[in-house]
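S.K.: Residue numbers (my numbering): 12 to 322.
One structure is given below, represented as structure tokens, and several questions about it will come after.
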């Protein structure tokens, strides 16, 4: 009887989500999943999606040429987190989500102009398919992380909400030819990976500069006193979480079968622990993300981004 009551409480939010009008409040559903149901899993998936955006050789060369991720790493990561969280937190029915999407577009456009000015020509550009792949990678890997490692998989209402939220994000960023369904998005993503992921020294350099981010995300659910030792233990296991496609792009040795099995077992054990834990009653995410430049989480959108985008 006690087990049944505990299970009912644990699944109460899912029942509430399934009763919502997904076509109207999809961004609200996405936020509930990210802030309450699966905060750690979705941050892990978001990190893997981020690394997918670094991996295609053409995209890696442009990102390396800007110098932002290799020379101003923490600022670049903080700025990305701020804008993505604003879009996740507020959706696109209000002004903040739309303003964050506009600033993200501005940063991308100005980065291309900046690098072309440095190189004295029009060599660099970002294609619609590249924008679309980055959009797909973030969504797909956040959902896949939950399906693979979460305390329960995504429900169909949640999957539909994910698609609608990211479709709206893509529309506000001016991306064309957005797939018609979540499954179409997934096919586009997987075909793009098969067609483009090969090793490049630029992608390897981007990985070396940013891998600490992944370690921080992985140990974030542990007590702070354990972060140091846990981080040192986790770093050799990163290839098992990245998977063979990213390992190939970054020039990493894939995880051994034994290591991969151990990592999967650890993630399964964590999912069981979370499943039997009480449901989260407070958001795992702040209203605004504090950073080194904005310790109080107070900023204007025009301040977020590289100097060539904010000046």
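Don't be surprised by glycine CBs; every beta carbon is placed ideally from N, CA and C.
1) Could you spell out where the alpha helix (DSSP H) holding residue 289 opens and where it closes?
2) Relative to the C-alpha of residue 291, which residue among 256, 22 and 247 is closest?
3) Excluding the 5 residues preceding and the 5 following residue 322 in the sequence, name in chain order all residues of the same chain whose CB lies nearer than 8 Å to its CB.
4) Nearest to residue 206 by alpha carbon, out of 142, 97, 68 and 102?
5) Run the CB neighbour count on residue 62, radius 10 Å, all protein chains shown included, and call it buried at 16 or more, exposed below.
6) Less than 6 Å between C-beta atoms, sequence neighbours within five positions excluded: which residues of the same chain meet that for residue 174?
7) Would you call the segment 251–268 and the segment 279–286 in contact, with 3 or more CB pairs under 8 Å?
8) For the ligand GDP, is there a heavy atom less than 7 Å away from the beta-carbon of residue 87?
9) At a cut of 8 Å, does the segment 147–165 reach the segment 216–228 through at least three beta carbon pairs?
10) For a test of the three-state rule: what should DSSP assign to residue 263, helix, strand or coil?
11) Roughly how many angstroms lie between the CA atoms of residue 88 and residue 15, to the nearest whole one?
12) Report yes if the CB atom of residue 144 is closer than 8 Å to the CB atom of residue 183, and no otherwise.
13) Taking 8 Å as the cut-off, does the segment 102–112 touch the segment 241–260 (at least 3 CB pairs, one atom from each stretch)?
14) Can you name, in chain order, every residue of its own chain whose Cβ lies under 8 Å from the Cβ of residue 77, other than the five neighbours on each side?
15) For residue 85, which residues of its own chain have a beta-carbon under 7 Å away from its beta-carbon, when the five flanking residues on both sides are left out?
16) Since residue 241 and residue 230 should fall inside the 8 Å C-beta cutoff, what is the C-beta to C-beta distance between them, to a whole number of angstroms?
M.R.: By the coordinates alone:
1) Taken as a continuous stretch (DSSP letters only), residue 289 belongs to no alpha helix (DSSP H), as it is neither H nor E.
2) Looking at the Cα atoms, 22 is the closest of the given residues.
3) Any reading at residue 322 must be qualified, since the residue scores a pLDDT of 48, below 50, and its modelled position is unreliable; the value itself is stated next. Within the same chain, residue 322 has no close Cβ partners at all.
4) Ranked by Cα distance from residue 206, the options 142, 97, 68 and 102 are led by 68.
5) Looking at its Cβ environment, which holds 16 or more other Cβ atoms inside 10 Å, residue 62 is buried.
6) These residues qualify, in order along the chain: 193.
7) No, the segment 251–268 is not in contact with the segment 279–286.
8) In the structure on display, the ligand GDP does not appear, and there are no ligands present to speak of.
9) These segments do not touch.
10) Coil.
11) Straight-line Cα distance between these residues: approximately 43 Å.
12) Contact flag unset, no.
13) Cβ pair count under 8 Å is below three, so no.
14) Within the same chain, residue 77 has close Cβ partners 122, 125, 126 and 317.
15) If we look at residue 85 and ignore the five residues flanking it on each side, its Cβ neighbours are 303.
16) Between the beta-carbon of residue 241 and that of residue 230 there is about 4 Å, and that keeps the pair under the 8 Å contact cut.
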